[in-house]
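Residue numbers (the UniProt record's numbering), protein chains in the order written: chain D, 1 to 184; chain F, 1 to 92.
See below:
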């Protein structure tokens with residue numbers, strides 16, 4: 001087995017791992033920390049590297065674990081945030097969209113718009129602004145495409161809890177996108 | 001949110017099903033309830049289309065990021081910080 005030399009890790013893999021983390025945690029200082037911890041963990045467990053994959057793939061796997069741990073820690077912190085009620089009685093209907101929260105018409109020219117860089121930026125910013133409790137769930141389930149059971153286990157929540165959080169995250173993302181993009 | 005046994009569901013319930021549908025298959029009864037609600041409610045129809053659009057946009061965003069790989073580079077300062085801590089570990 002060739003000896004692995006970690007001297008150039010930062011130079012060789014730093015940018016890649018940093019980008020990988022940045023997409024998933026959004027905040028640069030957190031991404032940097034996670035990459036740093038990944039390198040440290042990698043050096044500590046070099047002996048267990050089995051040469052089945054490239055060093056980079058192996059480091060990404062460690063980073064993935066770090067990201068899940070990060071969100072697990074964040075998800076138990078009880079942040080104070082205000083959940084605005086979007087539904088209420090309307091005439092004889094219960095839990096109907098409240099006027100000021102009802103979805104506006106979006107001028108969606110789908111395919112073109114999906115490639116739009118500006119939209120991508122706003123979407124990322126909107127995800128960044130989700131309360132972390134919902135973000136943890138949303139990132140792991142939707143961005144990481146982890147299985148529902150796994151997300152529930154990692155975050156120690158029930159499936160119905162997960163659905164509620166994902167739903168709240170979507171309601172909020174929709175509002176954010178509407179305000180930031182469609183209603184300018 | 002339990003909607004079993006109801007024919008008419010509220011917007012609150014309908015939007016929940018729309019969200020759920022992005023990740024999971026709905027039960028036949030849920031699909032029926034949702035379809036019926038969407039026939040009558042333009043706001044939920046919009047919500048449904050918009051949420052689908054968001055799902056697509058997020059998928060596209062992920063794909064692009066994977067293809068591009070490196071968009072932002074670490075600064076020299078960040079690299080130095082990292083190397084320093086790695087060296088500290090190795091020397092201990």
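Ideal Cβ placement from N, Cα and C applies to all residues, glycine included. On a predicted model such as this, the values are computed, not experimentally measured, just so you know.
Other residues of its chain near residue i: CB distance less than 7 Å, five sequence neighbours each side excluded
{"i": "residue 104 of chain D", "result": "178, 182, 183"}
{"i": "residue 166 of chain D", "result": "137, 138, 141"}
Three-state secondary structure (DSSP) of residue i
{"i": "residue 104 of chain D", "result": "coil"}
{"i": "residue 92 of chain F", "result": "coil"}
{"i": "residue 88 of chain D", "result": "strand"}
{"i": "residue 94 of chain D", "result": "strand"}
{"i": "residue 4 of chain D", "result": "coil"}
{"i": "residue 22 of chain F", "result": "coil"}
{"i": "residue 131 of chain D", "result": "coil"}
{"i": "residue 27 of chain F", "result": "coil"}
{"i": "residue 83 of chain D", "result": "coil"}
Neighbour flag for residue i against chain F, beta carbons, 8 Å
{"i": "residue 130 of chain D", "result": "no"}
{"i": "residue 120 of chain D", "result": "yes"}
{"i": "residue 135 of chain D", "result": "no"}
{"i": "residue 32 of chain D", "result": "yes"}
{"i": "residue 181 of chain D", "result": "no"}
{"i": "residue 39 of chain D", "result": "yes"}
{"i": "residue 27 of chain D", "result": "no"}
Interface flag, residue i vs chain D, CB-CB below 8 Å
{"i": "residue 54 of chain F", "result": "yes"}
{"i": "residue 7 of chain F", "result": "no"}
{"i": "residue 27 of chain F", "result": "no"}
{"i": "residue 20 of chain F", "result": "yes"}
{"i": "residue 10 of chain F", "result": "yes"}
Below-8 Å beta-carbon distance, residue i vs any chain B residue
{"i": "residue 85 of chain F", "result": "The structure shown contains no chain B; the protein chains it does contain are D and F."}
Cβ shell of residue i (< 8 Å), same chain only, five flanking positions each side left out
{"i": "residue 20 of chain D", "result": "60, 63"}
{"i": "residue 89 of chain D", "result": "95, 96"}
{"i": "residue 30 of chain D", "result": "21, 70"}
Integer-rounded CB distance, given that residue j should sit under 8 Å from residue i
{"i": "residue 49 of chain D", "j": "residue 9 of chain D", "result": "Going by Cβ atoms, the distance from residue 49 of chain D to residue 9 of chain D rounds to 12 Å, so no, they are not a contact pair."}
{"i": "residue 36 of chain F", "j": "residue 14 of chain D", "result": "With a Cβ gap of about 54 Å, residue 36 of chain F and residue 14 of chain D do not count as contacting."}
{"i": "residue 173 of chain D", "j": "residue 127 of chain D", "result": "7 Å"}
**OP:** Pull out every residue of the segment 58-78 of chain F whose Cβ sits closer than 7 Å to any Cβ of chain D, in chain order.
**Re:** 58, 60, 61, 62, 65, 69, 70, 71, 72, 73, 74, 78
Original post:
Name the residues in the segment 154-169 of chain D whose C-beta lies less than 7 Å from a C-beta of chain F; which are they?
Top reply: 163, 166, 167
Subject >> Under 7 Å (Cβ pairs) to chain F, residues found in the segment 56-86 of chain D >> reply: none
**OP:** Please name the residues in the segment 7-20 of chain D whose beta-carbon is closer than 8 Å to at least one beta-carbon of chain F, in chain order.
**Re:** 9, 10, 11, 14, 15, 16, 18, 19
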